[in-house]
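**Q**
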Amino acid sequence: MPRLTFAEATRRALAAEMRRDPTVWALGEDLGRGGIFGQYRGLAEEFGPERIVSTPISEACIMGAGLGAALVGTRPVIEMRIADFTLCAMDELVSQIAKVRYMFGGQGRARLVVRMPGGMWRNSAAQHSQCLEAWLVHVPGLVVAAPGTAQDAASLLKAAIRCDDPVVLMESKNLWTAEGEVEEDAPPAEFGRARIARQGGEVTVVTWAASVPVVEAAAERSGVSAEVIDLRSLWPWDEAAVVASAARTRRLLVVHEAVTVGGFGAEVVARVIERLGPGGLRAVERLGAPRAPVPFAPVLEDAVRATPERVAEAIRRVAAA
Amino acid sequence: MGPNRPPGGAPPPNETARLVAMLRLMHRIRAFEREAVAAMRSGEAPGVVHASIGQEAVAAGVCLHLRRTDRITSNHRGHGHALAKGADARAMMLELYGRAGGACGGKGGSMHIADFSVGMLGANGVVGAGIPIACGAAQGLKLLRQDAIVACFFGDGAVNRGPFLEGLNWAALYRLPVLFVCEDNGFAAFTRTAEATAGAGAAARAEAIGVPALSVDGTDALAVDAAAAELVAAIRAGGGPRLLHARCYRWEGHTGTDPAAYRPAEEVAAARERDPIRRLAEALAGRGVDAGEIAAIAAEAEAEMRAHREAARAAPPPDLAAAFADVQDIGAPAPCRA
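Just so you know, the protein sequences line up as chains A and B, in that order. Everything in the first sequence is counted per the working numbering, starting at 1 for the first residue and increasing by one. Everything in the second sequence is counted per the working numbering, starting at 1001 for the first residue and increasing by one.
Here it is in structure tokens:
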């Protein structure tokens, strides 16, 4: 299997899907120039400007037009450039895309993908670094996925394009250049199926997206037999896999880059306790960002980040509790 | 810029028949909405309705130039647009009552009427939200090489929202087959257009973006008809988007419960004097259409909508399972425990 960057893996996956289905197309800013992370490089040359559409900086219309195009039978891939910019298109995503099928009684389907490159990367500060997956998991109608490996970046994108529900892909900017082995002909991923990234018996650590490699590294250095579960998709999420692991270890840690308060980790913990009962765990902890915006200076950014050191400490703390 | 009225002289017979069809449609819209408002005010139908009574010429005048394969997007005041595009009036009334068999299975209500089978891609509860959707529908149709256009109805309030600017720019940039229809009824909710909108309004804003526009008296059915004919022809010829600015007057309040005390009674009375339906009927009488036929059109429309309301009253509520259906296939919700 070739080793590919996340950007290249998704570029190839999108190209394969566009060759397979002529109704698949992509729209977003600067896509004709390869996208800002190179994840669309060369696609305009192969598919032309009508299927790799470079748009104005016009988030509401990028999102809304994607929906309109889906309603007449195409499968658009909507590129948000930076996840934070989705906030300029929240009505279109939350009140239009997520609702259209339901409120019209099943008449319309939003078969589309929203790609949201998010999280901390190159000290991009408060408006270009947010992880807002919890907002979107909260919205009925959306499938939400967050790949943590290059293989999943490709396989989840394929699955998202073929899905009949609208899918939000929380891609991690910090992972675009990371490499991993990618089987290009792998079937599309299955939403709601987690990956056991590392087996262990003492602590269950649940994570996703850019935190996956951080947690894997931290688990190695923690000296604890930690089982690392990469959720891959957040709605639906693999509750069964997490509950089974936590029932065994009885120690649960959830790690995410997003702010801890109201984060998706809260949902994971709550469901595990609902399933196992209030006495089902010996120790439980969430490790995310403090409820502060992401600052610019590297030392300040690191202060709000779940670094491998902090994650390793948390693993040891939960193991010892 | 304004369109010329159709030239005088005897119109061809099929032209008269077309205008009679427009009158019939306008009567049906008004009759539907009168029943809808009454149903809401009496408490028979839940929620609120936004009536377009007095604005019927815009929906009818535009949609009579559309084909079944063309699409429309609409706004919260969308009953007229839906009926004009051919949506099933019975299913719409059932929807307003929240009953089984409603256009959206009782899950949308008045503000979310849709009938995809006739190209009606949905009313919308968010001002201006249908504009990007219309642009994308046109872009998708173009990608699929389908020979169809999209008409996008919105009110004067929408021109102050970002999606208006974004959508017009978008449609012009990609030369999309979209007819933007700004139905300027004088009020954005409770606020007069003039108090909320700077500059010369929708048509001027469109022209500034490079979208050719026409302004018409939206209470003059023949003027709307002529302008829509011109704009739709230009769009079908590949000329890119156009905008129609139709000035009219909202006879009712913002919603069926709004007494609209913010405007003088004389103003409303004057608007009613310019009743688009009566004026079209007079024009048709002038063309030799029999007075009895004109009266029958009104009576038939009223009888039809009364019957729909009776049917809606008698219809059963939706099956409770509908509350959990059509959310999503992957990760669908678990029904609540009984």
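All C-beta atoms in this analysis are idealised placements derived from N, C-alpha and C, irrespective of residue type, glycine included. Here the structure is a predicted model, which means the values were calculated and not measured.
#1: Evaluate MET1001 (chain B) with the Cβ neighbour count: other Cβ atoms within 10 Å of its Cβ, from every protein chain shown; 16 or more gives buried, anything less gives exposed.
#2: Looking at the structure shown, is PRO1333 (chain B) part of a helix, part of a strand, or coil, going by DSSP?
#3: Whose Cβ in chain A lies nearer than 9 Å to the Cβ of LYS1085 (chain B)?
#4: Please report the distance separating the alpha-carbon of GLY119 (chain A) from that of ALA210 (chain A).
#5: Using the Cβ count rule (16 or more neighbours within 10 Å means buried), how would you classify GLU1166 (chain B)?
#6: Per the DSSP calculation, SER172 (chain A) is bridged to which residue(s)?
#7: Looking only at its own chain, which residues have a Cβ that is under 7 Å from the Cβ of GLY1105 (chain B), when we skip the five neighbours before and after it?
#8: Taking the beta carbon of TYR1262 (chain B) as the centre, do at least 16 other beta carbons fall within 10 Å, making it buried, or is it exposed?
#9: If we require 3 or more residues per run, which beta strand (DSSP E) segments fall completely within the stretch 1182-1269 of chain B?
#10: If THR1197 (chain B) sits next to VAL1159 (chain B), beta carbons under 8 Å apart, how far is it from one beta carbon to the other, in whole angstroms?
#11: Between which two residues does the alpha helix (DSSP H) harbouring THR10 (chain A) extend?
#12: Taking all protein chains shown into account, decide if VAL1143 (chain B) is buried (16 or more other Cβ within 10 angstroms of its Cβ) or exposed.
#13: With a cut-off of 8 Å, do at least 3 Cβ pairs link the stretch 183-192 of chain A to the stretch 159-170 of chain A?
#14: For VAL139 (chain A) and ARG250 (chain A), what's the separation of their Cα atoms in angstroms?
#15: Considering Cα atoms alone, identify which of A:VAL284, A:ARG291 and A:GLY105 is closest to ILE315 (chain A).
#16: CB ALA1137 (chain B) to CB GLY1078 (chain B), shorter than 8 Å?
#17: Going by C-alpha distance, which of B:GLY1080, B:THR1257, B:ARG1236 and B:ILE1277 is nearest ALA1189 (chain B)?
#18: Which residues share a DSSP beta bridge with VAL182 (chain A)?
#19: If you measure between the beta carbons of LEU43 (chain A) and LEU14 (chain A), is that distance less than 8 Å?
#20: Check whether the Cβ of THR92 (chain A) lies closer than 8 Å to any Cβ atom in chain B.
#21: Assign TRP1170 (chain B) to one of three DSSP states: helix, strand, or coil.
#22: Tell me the rounded alpha-carbon separation between ILE1330 (chain B) and SER54 (chain A).
#23: Could you tell me which chain A residues have their CB closer than 7 Å to the CB of GLU1056 (chain B), listed as they occur along the chain?
#24: Where does THR55 (chain A) fall in DSSP's three states?
#25: Which same chain residues, not among the five before or five after ALA1340 (chain B), have their C-beta less than 7 Å away from its C-beta?
#26: One question on the structure: do ALA65 (chain A) and GLN1146 (chain B) come within less than 8 Å of each other, judged by their Cβ atoms?
#27: Going by beta-carbon coordinates alone, are ARG232 (chain A) and LEU156 (chain A) separated by less than 8 Å?
#28: Looking only at its own chain, which residues have a Cβ that is under 6 Å from the Cβ of MET1040 (chain B), when we skip the five neighbours before and after it?
#29: Mapping DSSP to helix, strand and coil, what is ASP1275 (chain B)?
#30: Quick one: give me the first and last residue of the beta strand (DSSP E) that ALA98 (chain A) is part of.
#31: Exposed or buried, MET63 (chain A), counting other C-beta atoms within 10 Å across all chains shown (16 or more means buried)?
#32: Check GLU1044 (chain B) in the structure and name its three-state DSSP category.
#33: Would HIS1112 (chain B) count as contacting chain A if we go by Cβ distances under 8 Å?
#34: Based on the DSSP secondary-structure assignment, which residues constitute the bridge partners of PRO76 (chain A)?
#35: Quick one: what does DSSP say ARG1309 (chain B) is sitting in, helix, strand or coil?
#36: Roughly how many whole angstroms lie between the Cα atoms of GLY265 (chain A) and ASP1115 (chain B)?
**A** In terms of the structure at hand:
#1: Confidence at MET1001 (chain B) is low in this model, with a pLDDT of 34, below 50, so the placement of that residue is unreliable and no value is reported for it.
#2: coil
#3: By Cβ distance, chain A contributes nothing, its closest Cβ being about 14 Å from LYS1085 (chain B), past 9 Å.
#4: 8 Å
#5: buried
#6: A:GLY118
#7: PRO1318 and ALA1322
#8: exposed
#9: 1213-1217 and 1242-1247
#10: 6 Å
#11: 6-20
#12: The sequence given here places Leu at residue 1143 (chain B); Val does not occur at that position. So LEU1143 (chain B) counts as buried.
#13: yes
#14: 30 Å
#15: A:VAL284
#16: no
#17: B:THR1257
#18: DSSP, once it has assigned bridges, lists no residue as partnering VAL182 (chain A).
#19: yes
#20: The sequence given here places Glu at residue 92 (chain A); Thr does not occur at that position. So, interface residue.
#21: helix
#22: 30 Å
#23: Under the 7 Å cutoff, chain A gives no residues; its nearest Cβ is about 24 Å from GLU1056 (chain B).
#24: strand
#25: What is shown of chain B runs 1001 to 1338, which leaves residue 1340 (chain B) out entirely.
#26: no
#27: yes
#28: VAL1049 and GLY1256
#29: coil
#30: No beta strand (DSSP E) holds ALA98 (chain A); DSSP gives it neither H nor E.
#31: buried
#32: coil
#33: yes
#34: A:TRP25
#35: helix
#36: 40 Å
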